[in-house]
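**Student:** Sequences listed follow chains F and B, in order.
In terms of this note's numbering, the first sequence has 214 at position 214, counting the first letter as 1, and numbering is strictly consecutive.
To convert a position in the second sequence, counted from 1, into this note's numbering, add 337.
Attaching a single structure in structure tokens format; questions to follow.
2 protein chains.
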Amino acid sequence: MPRDPPSKRVTLEEVGRVAGVSRATVSRVVNGVASVDEAIREVVEQAIAATGYQPNLAARSLVTRRADAIALVLPGESRILGDPFFGQVVTGVTSVLDPLGIHLVLMTTKTGTRDQVITDLRRGRLDGVILLHTDGDYSLPEQLVGSHLPVVLSSRPPRPLPITYVDVNQSAGAALAAEHLARLGRRKLATISGPLDTSAGQDRLAGFHERAAELGHPEKICVEGDFTRESGMAAAERLLGEHPDIDGLFIASDLMAHGAFPVLRRHGRRVPDDIAVVGFDDSSAALSCDPPLTTVRQPVEDMGAEMARQLLRQIAEPDTPVTTVVFEPTLVVRRSA
Amino acid sequence: MPRDPPSKRVTLEEVGRVAGVSRATVSRVVNGVASVDEAIREVVEQAIAATGYQPNLAARSLVTRRADAIALVLPGESRILGDPFFGQVVTGVTSVLDPLGIHLVLMTTKTGTRDQVITDLRRGRLDGVILLHTDGDYSLPEQLVGSHLPVVLSSRPPRPLPITYVDVNQSAGAALAAEHLARLGRRKLATISGPLDTSAGQDRLAGFHERAAELGHPEKICVEGDFTRESGMAAAERLLGEHPDIDGLFIASDLMAHGAFPVLRRHGRRVPDDIAVVGFDDSSAALSCDPPLTTVRQPVEDMGAEMARQLLRQIAEPDTPVTTVVFEPTLVVRRSA
DNA sequence: TTGTAGGCGTTATCAG
DNA sequence: CTGATAACGCCTACAA
Chain F
1 MPRDPPSKRV
11 TLEEVGRVAG
21 VSRATVSRVV
31 NGVASVDEAI
41 REVVEQAIAA
51 TGYQPNLAAR
61 SLVTRRADAI
71 ALVLPGESRI
81 LGDPFFGQVV
91 TGVTSVLDPL
101 GIHLVLMTTK
111 TGTRDQVITD
121 LRRGRLDGVI
131 LLHTDGDYSL
141 PEQLVGSHLP
151 VVLSSRPPRP
161 LPITYVDVNQ
171 SAGAALAAEH
181 LARLGRRKLA
191 TISGPLDTSA
201 GQDRLAGFHE
211 RAAELGHPEK
221 ICVEGDFTRE
231 SGMAAAERLL
241 GEHPDIDGLF
251 IASDLMAHGA
261 FPVLRRHGRR
271 VPDDIAVVGF
281 DDSSAALSCD
291 PPLTTVRQPV
301 EDMGAEMARQ
311 LLRQIAEPDT
321 PVTTVVFEPT
331 LVVRRSA
Chain B
338 MPRDPPSKRV
348 TLEEVGRVAG
358 VSRATVSRVV
368 NGVASVDEAI
378 REVVEQAIAA
388 TGYQPNLAAR
398 SLVTRRADAI
408 ALVLPGESRI
418 LGDPFFGQVV
428 TGVTSVLDPL
438 GIHLVLMTTK
448 TGTRDQVITD
458 LRRGRLDGVI
468 LLHTDGDYSL
478 PEQLVGSHLP
488 VVLSSRPPRP
498 LPITYVDVNQ
508 SAGAALAAEH
518 LARLGRRKLA
528 TISGPLDTSA
538 GQDRLAGFHE
548 RAAELGHPEK
558 ICVEGDFTRE
568 SGMAAAERLL
578 GEHPDIDGLF
588 IASDLMAHGA
598 FPVLRRHGRR
608 VPDDIAVVGF
618 DDSSAALSCD
628 PPLTTVRQPV
638 EDMGAEMARQ
648 LLRQIAEPDT
658 PVTTVVFEPT
668 LVVRRSA
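This is how it looks when you write it as structure tokens:
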């Protein structure tokens with residue numbers, strides 16, 4: 001077991017004493033300021049090593065006015081924590097935050113915590129926030145932009161709002177699904193949509209129906225889900241009951257597809273023979289479907305990284321104009337369609 | 338949209354000026370110190386409201402030597418983010434942290450980030466850490482205890498270590514599974530274990546075999562998984578190949594069971610008729626199994642809350658003795674066994 | 001290039 | 001019970 005290191009509570013002052021220089025010079029070395037004599041830098045670095053000096057980040061934060069921490073805010077009681085989507089976002093976000101030593105703070109907005117986000121921002125404990133999957137309630141993002149606080153959304157807000165967001169071209173992705181099913185010669189198409197109070201839910205539905213209509217499938221058959229596995233099961237059940245003859249199905253999230261598959265099987269439908277299925281996300285759930293799910297891929301990690309970058313930019317330059325970044329989805333063909 | 342609030346950058350000094358008192362008194366009011374004249378408190382509170390004062394937490398942190406932030410550390414590249422287990426832990430942890438205004442920082446220990454945890458602790462940016470599911474490598478916890486830094490583990494370390502941890506009685510839980518399968522009159526029992534380099538994996542395996550043997554099932558049939566859904570699929574495949582006649586199966590995590598079910602079905606086994614299955618965790622995955630999974634429940638949210646409490650105690654009283662808290666599991670009977 | 005010194009906003013110790 | 005005043009540890013002009 002490693003020994004207790006000697007680190008008591010070393011300050012710049014003490015390191016300076018050891019190195020025979022002022023604390024200002026030590027500070028410059030610590031922060032990598034160029035204008036430091038090479039020989040002196042050498043000596044100071046040795047003193048730093050010898051003393052086990054660690055800068056006190058609170059003190060630094062007090063003068064730099066930076067917390068070097070941002071929050072990832074999840075809506076409500078957040079079942080999203082169990083969604084593979086979440087993990088990918090985190091991976092993407094941390095890939096840009098980690099090298100900069102910026103903390104990622106996890107927060108949820110269950111009642112009584114929503115204001116906490118703004119409070120922490122004002123108290124200088126948080127430099128900015130990434131809002132994930134905000135459902136119906138947009139009061140928080142509105143308040144944030146109203147106060148000129150750095151914020152990035154993970155998808156387009158349902159109603160226009162002067163706010164920076166990163167999204168995938170949802171309708172284009174859904175169109176890919178429609179095209180694929182049509183190309184396969186399927187006759188009767190249907191969809192299990194996401195929650196229609198979210199832009200992702202709306203756009204995937206609209207994009208699918210629109211392109212399907214253009215390709216000669218004007219009929220709009222749809223059951224609404226909420227992106228969870230459970231809702232996928234329920235929706236599939238209902239869909240087969242009401243429209244037993246569908247042979248092409250677009251399910252607006254892999255997780256819902258994962259829930260739907262066993263239901264299809266129980267109803268005697270073989271995938272893809274009797275019914276071709278296309279999902280959305282290309283999350284890990286797609287691979288654990290049986291058969292593996294053909295799905296619309298959104299580059300979630302890249303999107304997460306981009307959200308982080310956009311946020312850091314806003315923090316660095318508060319008057320940066322509102323930006324929207326839209327990634328293009330691709331179709332990943334596997335065995336389900 | 339809410340207006341820009343007047344908050345410029347109000348300090349204790351300015352609030353004091355408005356209220357006609359010193360900043361010291363304002364500070365006392367802010368921190369709820371009892372010895373403040375009621376009338377004065379009143380005036381000060383009005384001044385606080387009028388000015389929109391928000392305490393600067395960096396300044397406070399500088400003098401209190403508290404970051405009011407702890408980290409939740411995940412091992413490696415962490416597929417665990419997609420595990421329902423993780424979400425429950427977070428819910429439990431935040432339930433005690435949120436009311437105290439303590440931040441939960443998410444960190445992973447991919448190479449190059451492991452030292453970051455200790456560095457942040459030493460730099461006063463983190464008050465303590467909760468280590469989740471540390472796999473094989475225990476160098477971090479060892480270093481942490483070696484440096485007397487506040488830390489709590491989410492399960493018993495494989496090798497003894499003077500460290501506080503919270504766990505469920507793993508072997509007792511596995512024993513519950515064995516008893517249930519035996520009571521059902523199953524003749525040939527088997528198990529899909531967790532990774533055997535973790536104490537959870539080891540204990541569930543040992544607990545199962547031990548109790549099974551006591552109940553007249555001395556045969557030890559086991560395939561090792563790693564708690565992921567994918568590994569559950571692979572393990573089930575192998576198990577059926579090598580031992581086609583098993584009729585009672587204990588799977589050491591719900592997620593693996595969820596992966597195994599489709600495999601069992603594909604091999605023509607009906608659950609529970611041909612083969613009874615018991616899982617472990619009682620996570621959301623148990624309910625999305627078909628049929629719903631009989632499983633060993635561990636109170637993960639409670640455990641998460643307890644980890645947070647233990648950590649806070651260590652932070653408040655650094656010389657608090659090492660503690661271990663063990664929760665008792667229960668069997669949740671559904672339809673799979 | 002280096003050192004001096006002021007200030008960041010709080011908390012905490014003492015007198016009063 | 002209240003008010004000065006001294007830290008807390010760092011960054012950053014400014015001067016040398």
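Using N, Cα and C, we set each Cβ at its ideal position, and we do this for glycine too.
1) Please return the same chain residues whose Cβ sits closer than 7 Å to the Cβ of Gly-136 of chain F, not counting the five positions on each side in sequence.
2) Do you know how far the Cα of Met-593 of chain B is from the Cα of Val-442 of chain B?
3) Measuring only between beta-carbons, confirm whether Val-442 of chain B sits less than 7 Å from chain F.
4) In this structure, does DSSP put Arg-634 of chain B in helix, strand or coil?
5) Among B:Ser-359, B:Val-489, B:Ala-543, whose alpha-carbon lies nearest the alpha-carbon of Thr-661 of chain B?
6) Out of curiosity, what's the CA-to-CA distance linking Glu-350 of chain B and Ser-536 of chain B?
7) Just how far apart, CA to CA, sit Gly-353 of chain B and Thr-401 of chain B?
8) Less than 7 Å between the beta carbons of Thr-51 of chain F and Val-117 of chain F, yes or no?
9) Could you check which residue in F:Pro-55, F:Thr-109, F:Arg-204, F:Gln-88 has the C-alpha nearest to that of Asn-169 of chain F?
10) Residues of chain F with CB under 9 Å from Glu-567 of chain B, in chain order?
11) Among the residues of its own chain, which have a CB less than 6 Å from the CB of Glu-140 of chain F, if the five just before and after it don't count?
12) Rounding to the nearest angstrom, what Cα-Cα distance links Ser-491 of chain B and Ala-408 of chain B in this structure?
13) Asn-56 of chain F CB to nearest chain B CB: under 7 Å?
14) Quick check: is the beta carbon of Arg-114 of chain F nearer than 7 Å to any beta carbon in chain B?
15) Quick check on the DSSP output: the beta strand (DSSP E) that includes His-103 of chain F runs from which residue to which?
16) List the residues of chain F whose Cβ lies closer than 9 Å to the Cβ of Ser-306 of chain B, in chain order.
17) Counting only beta-carbon separations shorter than 7 Å, does Ala-674 of chain B have a partner in chain F?
18) If we call anything under 7 Å between Cβ atoms a contact, is Gly-578 of chain B one with Gly-569 of chain B?
19) Any idea which residues DSSP pairs Val-663 of chain B with across the strands?
20) Since Ala-59 of chain F meets chain B, which of its residues come closer than 7 Å, beta carbon to beta carbon?
21) Can at least three beta-carbon pairs, one atom from the stretch 510 to 521 of chain B and one from the stretch 600 to 620 of chain B, be found at a separation below 8 Å?
22) According to the Cβ coordinates, are His-217 of chain F and Leu-184 of chain F closer than 7 Å?
23) Quick check: is the beta carbon of Val-427 of chain B nearer than 7 Å to any beta carbon in chain F?
24) Report yes if the CB atom of Ala-49 of chain F is closer than 7 Å to the CB atom of Val-18 of chain F, and no otherwise.
25) Would you kindly work out how many angstroms separate the C-alpha atoms of Glu-567 of chain B and Ser-27 of chain F, rounded to a whole number?
26) Bridge partners of Glu-382 of chain B, per DSSP?
27) Compare the C-beta of Arg-462 of chain B with all C-beta atoms of chain F and state if any pair is closer than 7 Å.
28) When you compare the stretch 303 to 320 of chain F with the stretch 256 to 266 of chain F, are there three or more beta-carbon pairs, one atom per stretch, that lie closer than 8 Å?
29) Can you tell me the Cβ-Cβ gap for Ala-622 of chain B and Asp-582 of chain B, rounded? I've got them flagged as a contact below 8 Å.
30) Just list the alpha helix (DSSP H) runs in the stretch 359 to 410 of chain B, keeping only unbroken ones of 4 residues or longer that don't cross its boundaries, in chain order.
31) Compare the beta carbon distance of Val-373 of chain B and Val-380 of chain B with 7 Å and say whether it is the shorter of the two.
32) Output yes if chain F places a C-beta closer than 7 Å to the C-beta of Pro-465 of chain B; else output no.
33) Going by CA-CA distance only, name the one from F:Leu-311, F:Arg-238, F:Ile-275, F:Gly-207 that's closest to Tyr-165 of chain F.
34) Cα-Cα, which of F:Thr-228, F:Leu-100, F:Ala-305, F:Leu-239 is closest to Thr-91 of chain F?
35) Does the beta carbon of Asp-135 of chain F sit closer than 7 Å to a beta carbon anywhere in chain B?
36) Mapping the DSSP letters down to three states, classify Leu-648 of chain B as helix, strand or coil.
**Tutor:** Judging by the given coordinates:
1) Result list for Gly-136 of chain F: Asp-197, in chain order.
2) Straight-line Cα distance between these residues: approximately 29 Å.
3) Yes - at least one Cβ of chain F is within 7 Å of the one on Val-442 of chain B.
4) strand
5) B:Val-489
6) 55 Å
7) 21 Å
8) No; because the gap between Cβ atoms is not below 7 Å, this pair is not in contact.
9) F:Arg-204
10) Ser-284, Leu-287, Ser-288
11) The sequence given here places Leu at residue 140 of chain F; Glu does not occur at that position. Around Leu-140 of chain F: Arg-114.
12) 13 Å
13) yes
14) no
15) 103 to 108
16) Residue numbering for chain B in the displayed model covers 338 to 674; residue 306 of chain B lies beyond these limits and cannot be assessed.
17) no
18) no
19) B:Asp-504
20) Under the 7 Å cutoff, chain B gives Leu-399.
21) yes
22) no
23) So yes, Val-427 of chain B belongs to the interface.
24) No, the pair does not count as a contact, with Cβ atoms beyond the cut-off.
25) 51 Å
26) Glu-382 of chain B is not bridged to any residue.
27) yes
28) Contact between the stretch 303 to 320 of chain F and the stretch 256 to 266 of chain F is absent, because fewer than three Cβ pairs lie under 8 Å.
29) Actually they do not touch by this definition, with Cβ atoms about 27 Å apart.
30) 360 to 367, 375 to 388, 394 to 401
31) no
32) A quick correction: the sequence has Gly, not Pro, at residue 465 of chain B. Not one chain F Cβ lies under 7 Å of Gly-465 of chain B.
33) F:Leu-311
34) F:Ala-305
35) no
36) helix
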